[in-house]
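S.K.:
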Amino acid sequence: MKSETLINSSCRRMPASSALKTLDPGMRRDDDKIITQGILKTLVAVLTLCLLLGASLAQAGVTLESFKFDSKAEEQHFKDLIEELRCLVCQNQSLVDSDAELAHDLRAEVYDMVQAGKNDQEIVEFLVARYGDFVLYNPPIKPSTYLIWFGPFVLLLIAGLLLLRSIRRQQKVPAAEISAEERERLNTILGNTTTSQDKDQ
Amino acid sequence: MTRYLRYLVPLAIFFILVAFLYRGLSLDPKRVPSPLVGKPMPAFVLPRLQDPAATISDTDLKGKVSILNIWATWCVSCRAEHEVLLLLAKTGKVDIYGLNYKDERPKAQQWLLQLGDPYAANAFDADGRTGIDWGVYGAPETFIMDKQGIIRHKHIGPLTVDALNNEILPLIAELQSTP
Numbered sequence: 000m001k002s003e004t005l006i007n008s009s010c011r012r013m014p015a016s017s018a019l020k021t022l023d024p025g026m027r028r029d030d031d032k033i034i035t036q037g038i039l040k041t042l043v044a045v046l047t048l049c050l051l052l053g054a055s056l057a058q059a060g061v062t063l064e065s066f067k068f069d070s071k072a073e074e075q076h077f078k079d080l081i082e083e084l085r086c087l088v089c090q091n092q093s094l095v096d097s098d099a100e101l102a103h104d105l106r107a108e109v110y111d112m113v114q115a116g117k118n119d120q121e122i123v124e125f126l127v128a129r130y131g132d133f134v135l136y137n138p139p140i141k142p143s144t145y146l147i148w149f150g151p152f153v154l155l156l157i158a159g160l161l162l163l164r165s166i167r168r169q170q171k172v173p174a175a176e177i178s179a180e181e182r183e184r185l186n187t188i189l190g191n192t193t194t195s196q197d198k199d200q
Numbered sequence: 000m001t002r003y004l005r006y007l008v009p010l011a012i013f014f015i016l017v018a019f020l021y022r023g024l025s026l027d028p029k030r031v032p033s034p035l036v037g038k039p040m041p042a043f044v045l046p047r048l049q050d051p052a053a054t055i056s057d058t059d060l061k062g063k064v065s066i067l068n069i070w071a072t073w074c075v076s077c078r079a080e081h082e083v084l085l086l087l088a089k090t091g092k093v094d095i096y097g098l099n100y101k102d103e104r105p106k107a108q109q110w111l112l113q114l115g116d117p118y119a120a121n122a123f124d125a126d127g128r129t130g131i132d133w134g135v136y137g138a139p140e141t142f143i144m145d146k147q148g149i150i151r152h153k154h155i156g157p158l159t160v161d162a163l164n165n166e167i168l169p170l171i172a173e174l175q176s177t178p
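These protein sequences, in sequence, are chains A and B. So that you can map any letter, position 56 of the first sequence is 55 in numbering that gives the first Met the number 0, and since no number is skipped, the others follow by simple counting. So that you can map any letter, position 115 of the second sequence is 114 in numbering that gives the first Met the number 0, and since no number is skipped, the others follow by simple counting.
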């Protein structure tokens, strides 16, 4: 049996409407709430669509609306950071994209650490210590990843060497020389007086 | 002979590829190996599920072989797993602790009342922060700790009778026999 994907099995992209609940600590599993939330979400989605049609909304930072930043640069830094981190529930989405509940939690966790003045390396180490290198979209270079990092270059090198070898070999083979006697015999066989080259194709 | 050999090379590469792809079919990308295995369990202090006034911490789990099971009432597989946990508790070979993850207290209490309570005690992790420290990304998950409190095994997904007999119980027996 497969492990149940955490809470939110919907691996859809973060809709703008759900950004609000990101930091809501009172958020719980509650079926009725989900239903009302669903209706609300549809409503908000429709409204958002209208908004989008009316004005070109800044698409960037959709998920970050609920986080407060002192400056645009800080916000961009936060976004860049979580873009490099994988959501373990929706594995092909980064923490920026994912709407899974774990992604909400981890975004909040990263935000808190950024606010606490931790640098990127400390934050990444925090997550790697808990979830392993798998949270990184950019795998670190170490013996177990040498094959990923250098394999393509090794293949390229091998292909290049093979190509070089075959080119050299072709150059070495001298154009076949035939004697006048042989040429005559050839012409006899071909039944004409033109050279075999003209007959090509 | 060498002429034939060069035709065998692509064939060999093909079979190597097939071997890799075939292996890939039986791997579950949802099972992410935990970096915590082999490390001391993360420290935590949380209110107990049954008694909000009392706390439970990692020190409660130390000094003996222990199990920490992450569960929640919203987790469907946890219900499937519950029978197996009851079975394991019945053997009396190990104390099972629960981490009630991002759940609601009344619902969780009701769950234990209805389905039976295999746990020695339950920690109530309302906001999931302790869950993050344990690298939880999908319930249920089950950790097995040795007497020193070192995590020795992580089972991702619901426990099955098969897993119990082939992995969990043998490991517990092994850990019990070491000081």
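No residue lacks a Cβ here, since even glycine has one placed at the ideal position from N, Cα and C.
#1: Assuming Asn68 of chain B contacts Leu84 of chain B (C-beta within less than 8 Å), just tell me the rounded distance between them.
#2: Suppose the cutoff is 6 Å on Cβ atoms and the five residues either side in sequence are ignored; what does the same chain contact list for Gly134 of chain B look like?
#3: Mind pulling the chain B residues with CB within less than 7 Å of Val88 of chain A?
#4: Could you name the residues of chain A that Val8 of chain B contacts, counting a contact when the two beta carbons are closer than 9 Å?
#5: Following a CB-centred definition, is Arg85 of chain A positioned closer than 6 Å to any heavy atom of the ligand ADP?
#6: Closer than 7 Å between beta carbons: that is the criterion. Which residues of the segment 133-159 of chain A meet it against chain B?
#7: Go ahead and pull the three-state DSSP assignment for Thr41 of chain A.
#8: Is the Cβ-Cβ distance between Glu108 of chain A and Val95 of chain A less than 7 Å?
#9: Just to make sure I have the definition right: I need the residues of chain A whose C-beta is within less than 7 Å of the C-beta of Asp132 of chain B. Which are they?
#10: Is there a C-beta anywhere in chain B that falls below 7 Å from the one on Leu101 of chain A?
#11: Could you tell me the boundaries of the alpha helix (DSSP H) in which Thr130 of chain B lies?
#12: State yes or no: is the C-beta of Ser135 of chain A within less than 7 Å of the C-beta of Tyr136 of chain B?
#13: State the Cα-Cα distance for the pair Asn186 of chain A and Gly150 of chain A, rounded to the nearest angstrom.
#14: Assign Thr129 of chain B to buried or exposed, taking buried as 16 or more other Cβ atoms, counted over all protein chains shown, within 10 Å of its Cβ.
#15: What does a CB cutoff of less than 8 Å around Thr90 of chain B pick up in its chain, not counting 5 residues either side in sequence?
#16: Any chance the segment 98-116 of chain A sits against the segment 114-133 of chain B, with 3 or more Cβ pairs inside 8 Å?
#17: In terms of residue numbering, what span does the alpha helix (DSSP H) encompassing Arg104 of chain B cover?
#18: I'd like to know whether the C-beta of Ala162 of chain B is nearer than 7 Å to at least one C-beta of chain A.
#19: Contact criterion: CB-CB distance below 7 Å. Does Asp104 of chain A meet it with respect to chain B?
#20: Taking the alpha-carbon positions, what's the Arg27 of chain A to Val75 of chain B distance?
#21: So the candidates are B:Gly37, B:Ala52 and B:Thr58; which of them puts its Cα closest to the Cα of Phe43 of chain B?
#22: Please tell me whether Val31 of chain B has its Cβ less than 7 Å away from any Cβ of chain A.
#23: Could you tell me the boundaries of the alpha helix (DSSP H) in which Tyr110 of chain A lies?
#24: Any idea which residues DSSP pairs Pro39 of chain B with across the strands?
#25: Counting Cβ pairs, one atom from each stretch, are 3 or more of them under 8 Å apart for the segment 93-105 of chain B and the segment 47-65 of chain B?
#26: Of the choices B:Ala53, B:Leu7, B:Met40 and B:Asp126, whose alpha-carbon is the least far from that of His152 of chain B?
#27: Where do the ends of the alpha helix (DSSP H) carrying Asn91 of chain A lie?
#28: Is any beta-carbon of chain A found at less than 7 Å from that of Pro34 of chain B?
#29: Along chain B, which residues have their Cβ under 8 Å away from the Cβ of Glu183 of chain A?
#30: Using a beta-carbon distance below 7 Å, is Gly127 of chain B in contact with chain A?
M.R.: Quick look at the numbers:
#1: 6 Å
#2: Ser33 and Leu35
#3: The contacting residues are Tyr136 and Gly137.
#4: Simply none; closest approach about 11 Å.
#5: Judged by which ligands are present, the structure shown has none, so any question about the ligand ADP falls away.
#6: Phe133
#7: helix
#8: No, the pair does not count as a contact, with Cβ atoms beyond the cut-off.
#9: Correct list: Arg129.
#10: The C-beta of Leu101 of chain A comes closer than 7 Å to at least one C-beta of chain B.
#11: Sequence inspection shows Gly at residue 130 of chain B; the Thr mentioned does not correspond to that position. Counting along the chain, the alpha helix (DSSP H) containing Gly130 of chain B begins and ends at Arg128 to Asp132.
#12: Here residue 135 of chain A turns out to be Leu, not Ser, going by the sequence shown. It is not a contact, given that the beta carbons lie outside the stated cut-off.
#13: 54 Å
#14: In the assembly as shown, Thr129 of chain B is a buried residue. Its beta-carbon has 16 or more other beta-carbons within 10 Å.
#15: Leu168
#16: yes
#17: Arg104 to Leu114
#18: no
#19: yes
#20: Here the model assigns Arg27 of chain A a pLDDT of 45, short of 50, so the residue's position is not dependable and the matter cannot be decided.
#21: B:Thr58
#22: yes
#23: Glu100 to Gln114
#24: BP columns for Pro39 of chain B point to B:Ile149.
#25: yes
#26: Between His152 of chain B and the set B:Ala53, B:Leu7, B:Met40 and B:Asp126, the nearest pair of CA atoms involves B:Met40.
#27: Element bounds for Asn91 of chain A: n/a, residue is neither H nor E.
#28: yes
#29: Within chain B, no residue comes near Glu183 of chain A; the closest Cβ sits about 33 Å away, beyond 8 Å.
#30: yes
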